[in-house]
Each structure stands twice: as C-alpha cells, then as structure tokens.
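Notes for the one structure printed next.
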Ligand code: IMP
Ligand code: MG
C-alpha cells in the first residue's frame, strides 16, 4: 500500500479549505450536507475547523457496487434535514466522474435551497462526465483508486488515517476479507 497523503498533509489541506469556506460565508449560517459514507471522516474534521454557525445533515449516494468501477447511481434523502431557504454546501470525499455531485446538487436545488455549493476533499485529474466543477477542492490527485480517510474498497479501509493507493496484494486480501 502506497501513501498518497499523510495525516499531516490531510489536516493542513482541510484547515486551508475551512479557511476559504469561512471567508466566503463570512459569519452567515451554513448548512453542510455530507454525502454518506465516504465523506464521514472529512466532514468530522471540516466542521471542527469551520468557525461559522453550521447545521449538519447527510444524504446518501452510492455508485460503487462492490468494486472500483462506477455503476448505477442510487440516492436516498430519508435522513436529510430541511434545506429549503438555506445556504447549503454539499460535502463529498472525491470528485471522479462528477455524476454524484451533479445529481445531488439538483436534488438539493429542487428542495428549495437558497444556494448550493460543493466542497470535496479530492479531485481526480481525469475527464469528467459532467460540466459541473466543485467550488472547493482540498487536493488534486492522479487518476488512481484511493482508500482511507473515509474512502473504501469493498467497504474496507475507511478507518486508515491517511490516504493510500492499494497494490495488487491489498486488493486480493480485501476481496478475501469481503467474502468471508
Ligand atoms: P463520481 O460520481 O464518479 O464523481 O464518484 C464519486 C463517488 O465515487 C465518491 O463519493 C466515492 O464514494 C466514489 N469514488 C470515486 N473514486 C473513488 C476512489 O478512488 N476510491 C474510493 N471511492 C471512490
Ligand atoms: Mg461517495
């Protein structure tokens, strides 16, 4: 397993992102909606460096059906808090094809939010499938499959404190784990 971003690098990136967001909203209340489950760790760190009155909610989206390839996108809003009339910032772990954020921005807009922005921890350097781009990005990364700091492979590795790229041995071991 190769480390792509250390704990210290992640902490510094999240702090600087928090500062940009704080400047932009300048004391106004902000509703953060985190995309479950990958943004869990990012959310926890981001809200603690955000010196703003924040409301926190979650929305579900899933496109990775047991592997590394994006499958069909499913979303669920049953746990979402009220967003109508609020300034909303969607928080996701990674911008890959872009389809997830694109769909979720639309859902939040349709629910009557006053404004909808987006913040992602990671932005993959590749061709995206949508014209939308995230408003805030902590790190640009190469087009590789990454795990840790909330991101998973087969629902494993979310608890790694750093961000890593799996090698073939890790992938095989994870497959065995997931099957047992
Ligand atoms: P998009 O819709 O293709 O932009 O995909 C976004 C979602 O796919 C993210 O919220 C992640 O859950 C997942 N994803 C994309 N790339 C990776 C990766 O490299 N590792 C783990 N999850 C990923
Ligand atoms: Mg996700």
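Numbering (the working numbering), first residue to last: 92 to 271. All C-beta atoms, glycine included, are put in the ideal place defined by N, C-alpha and C.
Validate contact between the stretch 212-232 and the stretch 178-192 using beta carbons, cut 8 angstroms, 3 pairs: yes
Cβ neighbour criterion (16 or more within 10 Å) applied to residue 239: When all chains shown are included, residue 239 counts as buried.
On the DSSP bridge assignment, give the partners of residue 178 in chain order. 206
C-alpha distance - residue 136 paired with residue 271, whole-angstrom precision: 32 angstroms
Tell me the rounded alpha-carbon separation between residue 226 and residue 197. 15 angstroms
Could you check how far apart the C-beta atoms of residue 106 and residue 140 are, in whole angstroms? I think they sit under 8 angstroms. 5 angstroms
Based on Cα-Cα distance, which residue from 248, 207, 269 and 200 lies nearest to residue 116? 207
Which same chain residues, not among the five before or five after residue 167, have their C-beta less than 7 angstroms away from its C-beta? 151
How far does the beta strand (DSSP E) with residue 126 in it reach, from first residue to last? 121-127
Taking the DSSP output, what are the residues bridged to residue 149? 125
Closer than 7 angstroms: is that where the CB of residue 243 sits relative to any heavy atom of the ligand IMP? yes
Sorted by chain position, which residues of the same chain lie with C-beta nearer than 7 angstroms to residue 275's C-beta, five sequence neighbours on each side aside? Examination of residue 275 is not possible in this model, given that the chain is present from 92 through 271 alone.
Assuming residue 232 and residue 216 are in contact, meaning their beta carbons sit under 8 angstroms apart, how far apart are those beta carbons, in whole angstroms? The pair is a contact, with the Cβ atoms about 7 angstroms apart (cut-off 8 angstroms).
Taking Cβ positions, are residue 91 and residue 129 nearer each other than 8 angstroms? The question about residue 91 has no answer here: the residues shown for the chain are numbered 92 through 271.
For residue 109, I'd like the list of residues in its chain whose CB is within less than 7 angstroms of its CB, leaving aside the five on either flank, ordered along the chain. 137, 140 and 141
Simplified DSSP state of residue 239, which is helix, strand or coil: Strand.
Would you check whether the ligand MG has a heavy atom nearer than 7 angstroms to the C-beta of residue 149? no
Which whole-angstrom value describes the C-beta separation of residue 230 and residue 212, a residue pair presumed to lie in contact below a C-beta threshold of 8 angstroms? That pair is a contact at about 7 angstroms.
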